[in-house]
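The structure under discussion appears below in the form of structure tokens.
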Amino acid sequence: MKYGEYQAETKSFLAKNLNFNDKKINLIEIFVEEVLNYNQKYNLISRSSEKDIWNRHVMDSAQLIKHIDHNNFNSLADLGTGAGFPGIILSIFYSDILTFHVKLYEKSKVKVKFVKSIIDKLGLKHVILYDNDYQSHILDSDYIVARAFKKLPEMLRISRETAKKPHKLIVMLGKSAQDELNKASKGIIYKYKLVPSITESDSKILLVDAIK
Numbered sequence: 001m002k003y004g005e006y007q008a009e010t011k012s013f014l015a016k017n018l019n020f021n022d023k024k025i026n027l028i029e030i031f032v033e034e035v036l037n038y039n040q041k042y043n044l045i046s047r048s049s050e051k052d053i054w055n056r057h058v059m060d061s062a063q064l065i066k067h068i069d070h071n072n073f074n075s076l077a078d079l080g081t082g083a084g085f086p087g088i089i090l091s092i093f094y095s096d097i098l099t100f101h102v103k104l105y106e107k108s109k110v111k112v113k114f115v116k117s118i119i120d121k122l123g124l125k126h127v128i129l130y131d132n133d134y135q136s137h138i139l140d141s142d143y144i145v146a147r148a149f150k151k152l153p154e155m156l157r158i159s160r161e162t163a164k165k166p167h168k169l170i171v172m173l174g175k176s177a178q179d180e181l182n183k184a185s186k187g188i189i190y191k192y193k194l195v196p197s198i199t200e201s202d203s204k205i206l207l208v209d210a211i212k
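My numbering puts the first residue of the sequence shown at 1, with every later residue one more than the last.
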């Protein structure tokens with residue numbers, strides 16, 4: 001599939017299935033264009049994923065909306081946001097909810113500089129960017145999301161020992177999701193479920209309900 005086909009298919013899905021309006025889709029288009037331009041000099045995303053950025057990065061991030069209770073939370077933390085996936089995509093979707101804020105954590109100075117420029121360019125006033133490790137802060141968000149951040153056992157430890165309770169943990173896993181879960185299951189002391197990703201049939205999304 002060509003770049004334009006990925007773009008059209010994803011934009012249609014965002015509008016029809018995830019309730020992104022035209023304004024929000026336009027902001028995503030600007031974001032994607034900036035990622036691709038910046039990626040010519042700096043390594044934000046792998047070069048091999050540029051042509052399918054709309055599916056592999058945008059759609060992959062946006063699908064998390066299906067697993068977030070829009071009416072029962074005030075904040076979301078994206079650990080290791082990288083170029084802004086999924087944090088910026090989620091920030092765009094929730095940009096019209098005045099009481100909602102997103103916290104982005106990233107250590108790479110190059111990626112921090114880029115994400116900061118995107119926050120300013122898109123006017124995302126409800127986004128807070130931390131340019132250091134999550135361990136330097138209190139993780140007090142209602143939702144914690146992670147996409148290619150740390151291995152599953154470490155994510156579970158963060159949820160269990162560092163983050164406030166209650167919270168929802170959402171971890172995006174690859175093709176070895178079930179094996180990872182089997183090995184790390186002893187570290188899950190809360191209710192959880194594994195659901196399929198809509199962008200990759202073999203990939204999964206782990207949803208953990210961390211309560212007191």
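Note that beta-carbon positions come from the ideal geometry of N, C-alpha and C, so glycine has one too.
Nearest residue (CA-CA) to residue i, options the options
| i | options | result |
| --- | --- | --- |
| I128 | H70, Q135, S136 and K116 | K116 |
| S176 | L194, K107, P166 and K113 | L194 |
| K191 | H137, K168 and T99 | K168 |
| K164 | I138, I188, D179 and Q178 | I138 |
| A83 | D69, Q63, D96 and Y105 | Y105 |
| V32 | I88, F13, I158 and L79 | I88 |
Three-way DSSP call (helix, strand, coil) for residue i in this model
| i | result |
| --- | --- |
| Y42 | coil |
| Y190 | coil |
| P153 | helix |
| A77 | strand |
| K16 | helix |
| K23 | helix |
| I92 | helix |
| L36 | helix |
| I205 | strand |
Closer than 7 Å: residue i CB and nearest the ligand GDP heavy atom
| i | result |
| --- | --- |
| V102 | The ligand GDP is not among the ligands present in this structure, which contains no ligands whatsoever. |
Integer-rounded CB distance, given that residue j should sit under 8 Å from residue i
| i | j | result |
| --- | --- | --- |
| E50 | N43 | That pair is no contact at about 11 Å. |
| N72 | T99 | No, N72 and T99 are not in contact; Cβ-Cβ is about 12 Å, not under 8 Å. |
| L76 | D131 | L76 to D131, Cβ: 18 Å. No contact. |
| Q63 | T199 | 7 Å |
Bridge-paired residues (DSSP) for residue i
| i | result |
| --- | --- |
| R147 | M172 |
| H167 | A210 |
| Y130 | Y105 |
Check whether the segment 25–35 touches the segment 83–94, taking contact to mean three or more Cβ pairs, one atom from each stretch, closer than 8 Å. Enough Cβ pairs lie closer than 8 Å, so yes.
Mind the definition here: the segment 107–125 touches the segment 138–150 only if three or more C-beta pairs lie below 8 Å; say whether that holds. no
Looking at C-beta atoms only, is the number of pairs between the segment 200–210 and the segment 159–179 that lie closer than 8 Å three or more? yes
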